[in-house]
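First comes the structure, then the notes that go with it.
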């Protein structure tokens, strides 16, 4: 309890960590009463174990303050999540592992209340559990790299993928495909066991096992591919650049494996490029290619996209999947639903869709600011500047990094210069969100003469 009290005076990017601290203080106070009334040694042991497990909250909170977690990152994610799921709460913390995740912390708090707080006292905890709470994790090594954090578009897609799969599970046409898949599985098992002495029970066991694997592979493929689509829909090209950077050091053609069943990275990049083509994003780059302030950067982006197309034109990933009968059945089945899944994703993120017309018009002015060493957060007349979409700030920073040249010296960007670019992008996002909040608050203030 003392450590929780100490954390309560930390500076956090949002109010959510403080609300969680208040929850823990209230929860532990009520739990102390439950311990005092415990009637058995087993219950005391169970409650002791619970308190130890609650220690994970200390780790989360100890890494969520502004010395460990950039304020701009949390504010950006809260802004997006609020538009997708109003009244959400957000807490973010760095991880030692290289991983990005978003976890539904609200469900955990609700379960703690339901399981350990007497029903007569649960009303006092409703303020803590009525709003969704998202625990966001990101790699500590990328803490200040706002460009890499465009990966979070993918993480925001996972709840949408879950919603689609749940909806699809109740669809009559989808249910009808199960019979077709079961027939294919039966044929595959017959071929596998051909010439063996397997009895009917063994055949049934293998058939069930294979069918379950196919279900898992298909589900994971849709979860990841739908989430990749959402990443592009929210962050545009920045999501592609971030994913490309993350995948580059791995095996692009890695087959789905039975620990995670992730689809091959080359397939994921191919889908993201296809979606950007469908959204006319390459054409948007071409439309600003003639503008002097940004022409060199657009040329580099076009080269990067062209090389990426050559990369995904190689079909080794699909060949590897087709060579494995189980994977082939799963992916053929998945592809039957992919277009519907993409349309579902588009409708689900309509409130936060990447507005390419507006964002691309802002890029030349933002690039001028970056070349001057100024955060790219506004454009237009300096006497009456226009605050931009923070995704424009992110995209222009990506373009600057891809070119990788100091505009003053013509030399390749040093590591220090790249780190300064990250900080300018982070500062720009903080400025944009602060300005938008200020404007929103002004509009809500009552005017002179209005009734109280």
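Numbering (this note's numbering), first residue to last: 191 to 642. Yeah, the Cβ is synthetic: ideal placement off N, Cα and C, and Gly gets one too. None of these values were measured; they are calculated from a predicted model.
Short check: CB of residue 523 to CB of residue 410, under 7 Å?
Cβ distance not < 7 Å, so residue 523 and residue 410 don't count as in contact.
With a threshold of 16 other CB atoms inside 10 Å of the CB of residue 370, please say whether the residue is buried or exposed.
Result: exposed.
Residue 332: buried (16+ other C-beta within 10 angstroms of its C-beta) or exposed?
Classification of residue 332: buried, given that the 10 Å Cβ count is 16 or more.
Closer than 7 Å, CB to CB, is residue 427 near chain C or not?
In the structure shown, chain C cannot be found, because there is only a single protein chain.
Nearest to residue 581 by alpha carbon, out of 512, 551, 606 and 414?
Comparing Cα positions, the closest option is 551.
Is the beta carbon of residue 444 less than 7 Å from the beta carbon of residue 453?
In this structure, residue 453 does not lie closer than 7 Å to residue 444 by Cβ.
Below 7 Å between beta carbons: does that hold for residue 221 and residue 194?
Contact flag unset, no.
Work out the CA separation of residue 572 and residue 354 for me, nearest whole Å.
Using only the alpha carbons, I get a separation of about 46 Å.
Assign residue 628 to buried or exposed, taking buried as 16 or more other Cβ atoms, counted over all protein chains shown, within 10 Å of its Cβ.
By the neighbour-count rule (16 or more Cβ atoms within 10 Å), residue 628 is not buried but exposed.
Please report the straight-line C-alpha distance between residue 563 and residue 501, rounded to a whole angstrom.
One C-alpha to the other measures close to 34 Å.
For the alpha helix (DSSP H) that contains residue 538, what are its first and last residues?
Counting along the chain, the alpha helix (DSSP H) containing residue 538 begins and ends at 515-538.
Given this structure, state the Cα-to-Cα distance separating residue 596 from residue 583, to the nearest angstrom.
Residue 596 and residue 583: Cα-Cα distance of roughly 18 Å.
Using only the alpha-carbon positions, how far apart do residue 225 and residue 624 sit?
Their Cα atoms are separated by approximately 45 Å.
Would you give the residue range spanned by the alpha helix (DSSP H) that residue 491 belongs to?
Residue 491 -> alpha helix (DSSP H) spans 485-503.
Who are the Cβ neighbours of residue 304 in its own chain at under 8 Å, not counting the five residues just before and after it?
Hits under 8 Å: 312.
Rounding to the nearest angstrom, what Cα-Cα distance links residue 282 and residue 207 in this structure?
About 9 Å.
Can you tell me whether residue 444 is helix, strand or coil according to DSSP?
Correct three-state label for residue 444: coil.
With DSSP as the reference, identify every bridge partner of residue 469, one or two as the case may be.
Residue 469 pairs with nothing; no bridge assigned.
Within a Cβ cutoff of 8 Å, which residues of the same chain sit near residue 272, ignoring the five residues on either side of it in sequence?
Excluding positions up to five away in sequence, the list reads 278.
Extract the residue ranges of the beta strand (DSSP E) inside the segment 301-327, only unbroken runs of 3 or more that lie entirely within it.
DSSP runs (the beta strand (DSSP E)) wholly in the segment 301-327: none.
Taking the continuous alpha helix (DSSP H) assigned at residue 294, which residues delimit it?
Not the alpha helix (DSSP H): residue 294 falls in the beta strand (DSSP E), residues 291-294.
Which same chain residues, not among the five before or five after residue 494, have their C-beta less than 7 Å away from its C-beta?
Taken in chain order, the residues that qualify are 592.
Does DSSP put residue 283 in a helix, in a strand, or in coil?
Strand.
Just list the alpha helix (DSSP H) runs in the segment 229-274, keeping only unbroken ones of 4 residues or longer that don't cross its boundaries, in chain order.
As far as the segment 229-274 is concerned, its whole alpha helix (DSSP H) runs of at least 4 residues are 231-243, 245-254 and 261-274.
Look up residue 224 in the DSSP assignment and say whether it is helix, strand or coil.
The answer is helix: DSSP assigns residue 224 an H, G or I state.
What does DSSP give as the partner residues of residue 568 in its beta bridges?
For residue 568, which the question treats as bridged, DSSP gives the partners 577.
Suppose you measure from the CA of residue 258 to the CA of residue 340; what does that come to, to the nearest Å?
Answer to the nearest angstrom: the Cα atoms are 19 Å apart.
Alpha carbon to alpha carbon, how far is residue 621 from residue 599? Give it in angstroms, no decimals.
Roughly 28 Å between the two C-alpha positions.
Nearest CA to the CA of residue 276: which residue from 253, 252, 321 and 307?
It is 321.
What are the boundary residues of the alpha helix (DSSP H) that residue 558 is part of?
546-561 is the extent of the alpha helix (DSSP H) around residue 558.
Can you tell me whether residue 432 is buried or exposed? The criterion is at least 16 other CB atoms within 10 Å of its CB, across all chains shown.
The residue is buried, with at least 16 neighbouring Cβ atoms inside 10 Å.
Would you identify the three-state DSSP class for residue 453, choosing helix, strand or coil?
Residue state, collapsed to three classes: coil.
Quick check on the DSSP output: what are the complete alpha helix (DSSP H) runs of length 4 or more inside the segment 358-415, in order along the chain?
As far as the segment 358-415 is concerned, its whole alpha helix (DSSP H) runs of at least 4 residues are 362-382.
Applying the 10 Å Cβ sphere with the 16-neighbour rule, what's the burial state of residue 547?
Answer is exposed; the Cβ neighbour count stays below 16.
Give the DSSP bridge partners of residue 329, in chain order.
Residue 329 is bridged to 285.
Do residue 481 and residue 554 have their C-beta atoms within less than 7 Å of each other?
Yes, they are a contact pair.
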